[in-house]
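Engineer:
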Amino acid sequence: MQNKGINWQRVRSHIMVFDAPLAILIFLIISTGIITLYSAGINFPGRVEDQLRNILISFVVMWIMANIPPQTLMRFAIPIYTFGIALLIAVAMFGMVKKGARRWINVGHVIQPSEMMKIATPLMLAWYFQKRAAALRWNDFIIAAIILLIPVGLIAKQPDLGTALLVVAAGFAVIFLAGLSWRVLLTLVILAGASIPIAWPMLHDYQRDRVMTMIDPTTDPLGKGFHIIQSQIAVGSGGFSGKGWLKGTQSHLEFIPEHTTDFIFAVFSEEFGFIGSCILVALYFLLVVRGLMIAANAPTLFARLMAGSVTMIFFTYAFVNMGMVSGILPVVGVPLPFMSYGGTALVTLGMGAGILMSVQRHRKLVQT
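Position 295 of the sequence shown, counting from 1, maps to 295 under the UniProt record's numbering, and the rest follow consecutively.
(1) Check whether the segment 328–338 and the segment 297–308 are in contact - that is, three or more C-beta pairs closer than 8 Å.
(2) Should Asp205 be labelled buried (16 or more other beta-carbon atoms within 10 Å of its own) or exposed?
(3) In three-state terms, what does DSSP make of Ile42?
(4) Which residues bound the beta strand (DSSP E) around Met96?
(5) Just confirm the distance between the C-beta atoms of Leu305 and Leu177, as a whole number of angstroms; I'd bet it's less than 8 Å.
(6) Are there three or more Cβ pairs, one per stretch, closer than 8 Å when the segment 324–335 is compared with the segment 246–264?
(7) So which of Phe255, Ser58, Phe268, Ala133 has the shortest CA-CA distance to Gly350?
(8) For the structure I just gave you, are there three or more beta carbon pairs, one from the segment 90–101 and one from the segment 53–70, closer than 8 Å?
(9) Would you mind listing the beta strand (DSSP E) stretches within the segment 51–114 that are 3+ residues and don't spill past its ends, in chain order?
(10) Are Ser237 and Gln250 touching if we call contact CB-CB under 8 Å?
(11) Give every residue of the same chain whose Cβ lies closer than 7 Å to the Cβ of residue 369, excluding the five residues on either side of it in the sequence, and list them in chain order.
(12) When you compare only the Cα positions, how much space is there between Ala145 and Phe268?
(13) Can you look up Met339 in the DSSP assignment and give me helix, strand or coil?
(14) Measure the Cβ-Cβ separation of Pro70 and Phe302 and say whether it is below 8 Å.
(15) Would Phe285 be called buried (16 or more neighbouring beta carbons within 10 Å of its own) or exposed?
(16) Taking only three categories from DSSP, how would you classify Ile35?
(17) Starting from Val289 and walking both ways along the alpha helix (DSSP H), at which residues does that stretch end?
(18) Which runs of the alpha helix (DSSP H) fall wholly inside the segment 127–174 and span at least 4 residues, in chain order?
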């Protein structure tokens, strides 16, 4: 009987691995996403079923990552990062081209390697700073910047500025949390602002058009500005309490672009209004706060940096998506976390959530 009790305790310790506050917040956001997707994809049979399958896969990935100790994960940092860079180079050489972008490669199954770099890059950076923690110098930050810029450059060349932005955010969060001073941060911001005139001619025509459309979409209301104008109309027409579930006209009449993926927030805002949007923003805010709490209580530098970077990924996803749908940021193709339809991004988010849960779970195991 005693052996059975011990065995059950071992099994239970590998099953009950989820951090309750984090899991509840993710469940609420995913549930909101399914409700919204049912309305947004009413003209696309099978979308909800496919998303439920994606959620199940993401859940399994989350469970697996939550069971892997941060120390074990750290050992795979170099192989995962190197493998990701190799895939990005392979994409640049003979990747698949869709809609003018070379982002995919067929390895028996079509994959988008840039997605894995959202986790692989901060993982590598966290490993590097953990190894250098005892004698951290200014040149270590330069090497870290190079580690970050290699995948960012390869991803931006595809071109995929949305994913490149997310990788920058996750990687920079690691560098900042590792001890980058505010003076250096302020200097980088100033240099970035000063480099805009130099970088502007280097952008693709469609990228410059997105920026100009963000500034004033009415300059081409029936062309490049049409979609963002329709998205803003959807957000504004929801009013205070919304038009009601399944009653959004902008999405059902196909005015909103990509209304099951990148622009699902416009569908949600139209049907649930300002109140619903505030509740959704509050859920994301609490998700970020919980992630920061886990990062702050992490037992090692590596765990703290990884938890902080994953939290920054969640924040950047939500902020950029809501910003572009509302018209205050350029459209860069970033999905709304745990709500937008899609498999690869949802699995990446599940992996990130699993890392947070692993950090929290193994912190408790160390304490006990």
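Cβ coordinates follow ideal geometry from the N, Cα and C atoms, glycine included. What you are looking at is a predicted structure, and each value in this text was computed from that prediction instead of being measured.
Structural biologist: Taking the definition as stated:
(1) By the Cβ criterion, the segment 328–338 is not in contact with the segment 297–308, since fewer than three pairs of Cβ atoms, one from each stretch, lie closer than 8 Å.
(2) Flag for Asp205 reads exposed.
(3) Note: Ile42 maps to coil in three-state DSSP.
(4) That run of the beta strand (DSSP E) goes 96–98.
(5) Yes, Leu305 and Leu177 are in contact; Cβ-Cβ is about 5 Å, under 8 Å.
(6) Short answer: they touch.
(7) For Gly350, the nearest C-alpha among the options comes from Ser58.
(8) Contact between the segment 90–101 and the segment 53–70 is absent, because fewer than three Cβ pairs lie under 8 Å.
(9) Qualifying beta strand (DSSP E) stretches, in chain order: 96–98, 101–106.
(10) Closer than 8 Å, so yes.
(11) As displayed, the chain neither begins before 1 nor continues past 368, which places residue 369 out of reach and without an answer.
(12) Whole-angstrom Cα-Cα distance: 38 Å.
(13) In the three-state DSSP reduction, Met339 falls in the coil class, being neither helix nor strand.
(14) Against a cut-off of 8 Å, the Cβ pair of Phe302 and Pro70 comes out as a contact.
(15) Flag for Phe285 reads exposed.
(16) Correct three-state label for Ile35: helix.
(17) Looking at the DSSP string, the run of the alpha helix (DSSP H) that includes Val289 is 264–296.
(18) List check, alpha helix (DSSP H) in window: 138–156.
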